[in-house]
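Colleague:
2 protein chains.
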Amino acid sequence: MLIIDRHQQILEILKRERSAGVTRLARELFASEPTIRRDLAYLEEQGYLKRVYGGAVIGGAPDREIPYNVRAEEQGDAKTIIARKAAKYLHKGAVIFLDGSSTAAHMVEPLKELEDILVVTSGAKTALALAENGIRVISTGGQMITRSFTYVGSHAEACIRSMRADLVFFSCRGLSDDGEMTDISIEEINLRRTMLERAHTKILLCDSSKFGKQYM
Amino acid sequence: MLIIDRHQQILEILKRERSAGVTRLARELFASEPTIRRDLAYLEEQGYLKRVYGGAVIGGAPDREIPYNVRAEEQGDAKTIIARKAAKYLHKGAVIFLDGSSTAAHMVEPLKELEDILVVTSGAKTALALAENGIRVISTGGQMITRSFTYVGSHAEACIRSMRADLVFFSCRGLSDDGEMTDISIEEINLRRTMLERAHTKILLCDSSKFGKQYM
DNA sequence: AGAAAAACGAACAAAAACGAACAAATATTT
DNA sequence: AAATATTTGTTCGTTTTTGTTCGTTTTTCT
Chain A
1318 MLIIDRHQQI LEILKRERSA GVTRLARELF ASEPTIRRDL AYLEEQGYLK RVYGGAVIGG
1378 APDREIPYNV RAEEQGDAKT IIARKAAKYL HKGAVIFLDG SSTAAHMVEP LKELEDILVV
1438 TSGAKTALAL AENGIRVIST GGQMITRSFT YVGSHAEACI RSMRADLVFF SCRGLSDDGE
1498 MTDISIEEIN LRRTMLERAH TKILLCDSSK FGKQYM
Chain B
1318 MLIIDRHQQI LEILKRERSA GVTRLARELF ASEPTIRRDL AYLEEQGYLK RVYGGAVIGG
1378 APDREIPYNV RAEEQGDAKT IIARKAAKYL HKGAVIFLDG SSTAAHMVEP LKELEDILVV
1438 TSGAKTALAL AENGIRVIST GGQMITRSFT YVGSHAEACI RSMRADLVFF SCRGLSDDGE
1498 MTDISIEEIN LRRTMLERAH TKILLCDSSK FGKQYM
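For the protein sequence lines, the chains are A and B, in the order given. Per my numbering, the first sequence starts with residue 1318, numbered consecutively. Per my numbering, the second sequence starts with residue 1318, numbered consecutively.
Here's what the structure looks like:
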């Protein structure tokens, strides 16, 4: 049996039953336990499952609430993968700016793992998802943009300006061919600019669908 | 059976029956009593249940804080009726302060009917609900209180202080017999005080369950 | 109130699961 | 065909979880 087939079967069992033990998987898939463990370790790294003692569960710990704006989408899509890669830059005790983009919302999952972090975000849904997962969060507040459920305006900017962050994770609507970031509204651009000014390390979260699109 | 599955099953039994004994759980889940005790101790630490002699109950003691989502369901009808009554004071073009209480969240429904209003709120879920219904909304921002999903702190207060409202709708945890409002945290009290200072008309949303309860 | 029964926590030993290292088997490249 | 790389299974020491056995505390029954 091909590795990829075994991986697929593990995921199918997990989707069906929400959890599975190493011993059972080993018997059922005719592989040794260490092999199953290696499979599970790999699949966890890719974000498909969560390892627990004795086996694995799908979609993070079942006793934790899953953020509603992330939950809707398939595990392992581009944004989840990007978020997991970006999470490598995180460290304990960090102060983090997150913009209101849906890509940034996917950072909630990896952020859960860290201790003693503080997240400042302009995303209304992101702020809620963070709080629901027990992460310390400050919302910028400000005028709500109904289209994207993000906050902008002078109040939001004043909030960012009064702080300093170790990291900022941000996104944009489009990335033109010569590498310029573009977006829809001037307010969102202004807020992002402020975030970038006040953060030490800047990380752009961007998938290929953004390439070659030009807005403002 | 995986540890995490056993935890899940304990929680499901508890949700269904409100309480369960250690001996019964041990028999039903094929585990020894000390194991069940360790599970219950862990789940209590995580805030999912309250340990009592002989077993555990869900939700915690009545004098302790009730989680937001539970509180939202209780007294649901009363709050809707209150909101409808309070809506009589609204008028077109008004600027309105809303606190983060679950009672205030019920104002979203009547607010939908009005044109050209602006709502300033410290409730994270309230802000989202308003935006989803096409109401112009400004969030105070600030530190998120995980328990109630409301914003407090200097940012939130500064936001309120920079504005003036025609109306403020607010609530409290308890109303002592001599008519004094009490609440859990000093931050929430401070923010409410600021809202009251900056609003012309003040409307307290309160049902009978608050009477005679005293907090801070 | 006092005795019996039940539940408790702590300590300890058995069992299960784990990770790491290594060797065998299988694929892939040269 | 030989060399190399990858995957897999085995072994072993370690960690985690679990069940058992105490003595102690709490509840219940008389």
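Every residue gets a Cβ at the ideal spot worked out from N, C-alpha and C, and that includes glycine. Values in this document were obtained by computation on a predicted structure and should not be read as measured data.
1. Mind checking if A/A1411 is an interface residue toward chain B, Cβ cutoff 8 Å exclusive?
2. From A/C1489 to B/G1372, what distance separates their C-alpha atoms?
3. Let me know the alpha helix (DSSP H) ranges lying completely inside the segment 1451-1525 of chain B, each 4 residues or longer, listed in chain order.
4. Measuring only the C-alpha atoms, how far is A/D1456 from B/I1330?
5. Whose C-alpha, out of A/H1324, A/I1501, A/L1428, A/S1349, is nearest the C-alpha of A/Y1359?
6. In three-state terms, what does DSSP make of B/I1434?
7. Closest to B/S1493 by C-alpha separation, out of B/I1434, B/K1527, B/I1399, would be which residue?
8. Does DSSP put B/K1409 in a helix, a strand or coil?
9. Given this structure, state the Cα-to-Cα distance separating B/L1508 from A/I1452, to the nearest angstrom.
10. In whole angstroms, what separates the C-alpha of A/G1440 from that of B/D1322?
11. Nearest to A/L1484 by CA position, among A/V1454, A/I1413, A/C1523, is which residue?
12. List, in order along the chain, the chain B residues whose C-beta lies closer than 9 Å to that of A/I1455?
13. Using the Cβ count rule (16 or more neighbours within 10 Å means buried), how would you classify B/N1386?
14. Pull up the DSSP beta-bridge partners for A/V1537, would you.
15. What residue from A/Y1406, A/L1445, A/H1423, A/S1349 has the CA that sits closest to A/H1517's CA?
16. How many Å lie between A/S1471 and A/R1354 at the Cα?
17. Taking A/A1337 as part of the beta strand (DSSP E), name the residues at either end of that continuous run.
18. I'd like the span of the alpha helix (DSSP H) that includes A/Y1359, first residue to last.
19. Closest to B/R1335 by CA distance: which of B/E1497, B/H1423, B/K1367 is it?
20. Does the Cβ-Cβ distance between B/V1436 and B/L1428 come in under 8 Å?
21. Around the Cβ of A/L1319, are there at least 16 other Cβ atoms within 10 angstroms (buried) or fewer (exposed)?
22. Under 9 Å between beta-carbons, which chain A residues line up against B/L1445? List them in chain order, please.
Modeller: Walking through what the data contain:
1. no
2. 52 Å
3. 1471-1478, 1503-1514
4. It is Ser, not Asp, that sits at residue 1456 of chain A in the sequence shown. Cα-Cα distance, rounded: 37 Å.
5. A/H1324
6. coil
7. B/K1527
8. coil
9. 22 Å
10. 34 Å
11. With distances taken between Cα atoms, A/L1484 lies closest to A/I1413.
12. Close partners of A/I1455 in chain B (Cβ separation under 9 Å): G1458, G1459, Q1460, M1461, Y1468, G1470, H1472.
13. For B/N1386, the predicted model reports a pLDDT of 36, less than 50, meaning its position is unreliable; a value from the coordinates is still stated below. Taking every protein chain shown into account, the CB of B/N1386 has fewer than 16 other CB atoms within 10 angstroms, so this residue is exposed.
14. Residue 1537 of chain A falls outside the range modelled here, since chain A spans only 1318 to 1533, and no answer is possible.
15. A/Y1406
16. 51 Å
17. 1336-1338
18. Taken as a continuous stretch (DSSP letters only), the alpha helix (DSSP H) holding A/Y1359 covers 1350-1362.
19. B/K1367
20. yes
21. exposed
22. A1441, K1442, L1445, M1461, F1466
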